[in-house]
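Novice: So that we are looking at the same thing, I have put the structure below in structure tokens.
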Amino acid sequence: MLYIVSTPIGNLRDITLRAIDTLKEVDLILAEDTRRTIILLKEYSIPQKKILSYNDFNCHQRTSYAVSLMKTGAKVALVSDAGTPGISDPGFFIVREAVKEGIQVIPIPGACAAVAAVSCSGLPSDRFGFFGFLPKKEKKLVEILVNIKNMQGFTYVFYESPHRIVKTLSVMKEIIPERNIVLARELTKKFEEFIRGTVSEVYEKVSKSAPRGEIVIVVN
Ligand code: SAM
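Those letters in the sequence shown? Residues 3 to 222, per my numbering, in order.
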């Protein structure tokens, strides 16, 4: 069995009882960053049994190894740095291979920054699209924003780096200045903040002092 285990996105208390049970029970933990996962394991007194790194660089090799183990009956858990594996994080490849091999894939749901941001955005959340990280190239960013401009009735969710947020908003302001937007920053952490307004208003706020930390952008 392959367990896809969600872990906290900031506040270490945001873990489910089932996630703790699963991490205790499995034979192998594949972790995007073993050091971060070890902190979590220590917090919940989960024995540090076999734990291996799993990232974009070694996912082919680690997947073959994990699949061969699971075929002998072993239980494997995949965790990412934070939140739900596979959501703008490594995970898709091993899930696809496990499905191909007839291995049971079991979700252990929990924190996900995109869902936390949408649920507190105050923007319509019955129909939303998640687009992961916005493209770094301005031409591609403009293409996406023009599509958003032409599509009505949906909420869009993006991940963005604090280094690019002001530039991204300055491009957004040219294409969809009046749309309502929410920047959900440092969710579940000490400096959690929601910056709300039209794109132009939010741009005015953040261009004076660029927000730090992790950010989700929610656009109506
Ligand atoms: N798998 C994760 C999830 O389920 O949310 C997402 C991982 S992705 C590599 C990291 C991005 O998620 C960050 O750059 C940021 O946009 C968003 N993110 C993660 N944690 C966050 C937090 N506590 N507050 C706001 N955004 C967060």
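Where is the CB? At the ideal position from N, CA and C, for every residue including glycine.
It should be emphasised that the depicted structure is a prediction, and the values quoted were computed from it without experimental measurement.
Taking the alpha helix (DSSP H) that Ala-116 falls in, what are its first and last residues?
Specialist: Its alpha helix (DSSP H) spans residues 115-123.
Novice: What's the call for Asn-182, buried or exposed, on a 16-neighbour Cβ count within 10 Å?
Specialist: Asn-182 is buried by the Cβ-count criterion.
Novice: Can you give the beta carbon distance from Leu-80 to Leu-32, rounded, assuming they're within the 8 Å contact cut?
Specialist: Their Cβ separation, rounded to whole angstroms, is 5 Å, which keeps Leu-80 and Leu-32 in contact under 8 Å.
Novice: Kindly examine the ligand SAM and report whether one of its heavy atoms sits closer than 6 Å to the Cβ of Val-101.
Specialist: No, the ligand SAM has no heavy atom inside 6 Å of this Cβ.
Novice: Any idea what DSSP makes of Ile-108, helix, strand or coil?
Specialist: The answer is strand: DSSP assigns Ile-108 an E or B state.
Novice: Closest by CA to Glu-27, which one among Glu-45, Lys-52, Asp-16, Ile-40?
Specialist: Closest by alpha carbon: Lys-52.
Novice: So if DSSP puts Asn-182 in a beta bridge, which residue, or which two residues, is it bridged to?
Specialist: For Asn-182, which the question treats as bridged, DSSP gives the partners Thr-200.
Novice: Taking the DSSP output, what are the residues bridged to Glu-216?
Specialist: In the DSSP output, where bridge partners are listed per residue, Glu-216 has none listed.
Novice: Measuring CB to CB, does Tyr-161 end up less than 7 Å from Phe-135?
Specialist: It is a contact, given that the beta carbons lie within the stated cut-off.
Novice: In the DSSP assignment, what residue or residues form a beta bridge with Arg-166?
Specialist: For Arg-166, which the question treats as bridged, DSSP gives no partner whatsoever.
Novice: Where do the ends of the beta strand (DSSP E) carrying Val-7 lie?
Specialist: Unbroken beta strand (DSSP E) run through Val-7: 4-7.
Novice: Could you give the residue range of the alpha helix (DSSP H) that holds Ala-33?
Specialist: Element bounds for Ala-33: not the alpha helix (DSSP H) but the beta strand (DSSP E), 30-33.
Novice: Under the criterion of a Cβ to heavy atom distance below 6 Å, does Ala-90 qualify as lining the ligand SAM?
Specialist: The amino acid at residue 90 is misidentified as Ala; the sequence shows Ser. The answer is yes for Ser-90.
Novice: Assuming Val-204 and Leu-185 form a contact by the criterion Cβ under 8 Å, report the distance between their Cβ atoms to the nearest whole angstrom.
Specialist: That belief holds up - the Cβ atoms of Val-204 and Leu-185 are roughly 6 Å apart, short of 8 Å.
Novice: From which residue to which residue does the beta strand (DSSP E) around Phe-94 run?
Specialist: Run containing Phe-94: none in the beta strand (DSSP E); it sits in the alpha helix (DSSP H), 94-102.
Novice: Under 8 Å: do the region 68-84 and the region 3-18 share three or more Cβ pairs, one atom per stretch?
Specialist: Touching, yes.
Novice: With contact counted as at least three CB pairs below 8 Å, one residue from each stretch, are the region 44-51 and the region 102-122 in contact?
Specialist: Cβ pair count under 8 Å is below three, so no.
Novice: Is DSSP giving Thr-190 helix, strand or coil here?
Specialist: If DSSP states are grouped into helix, strand and coil, Thr-190 belongs with coil.
Novice: Under three-state DSSP, which class holds Thr-18?
Specialist: Three-state result, Thr-18: coil.
Novice: Going straight from the alpha carbon of Gly-124 to that of Arg-98, what length do you get?
Specialist: Using only the alpha carbons, I get a separation of about 35 Å.
Novice: Short of 8 Å in beta carbon distance, which residues of its chain neighbour Ser-202, apart from the five on each side in sequence? Order them along the chain.
Specialist: Contacts found: Lys-175, Pro-179, Glu-180.
Novice: With 16 other CB atoms within 10 Å as the buried threshold, where does Glu-34 fall?
Specialist: Glu-34 comes out buried.
Novice: To the nearest angstrom, how far is it from the Cα of Arg-187 to the Cα of Thr-74?
Specialist: Looking at the two C-alpha atoms, the distance is approximately 43 Å.
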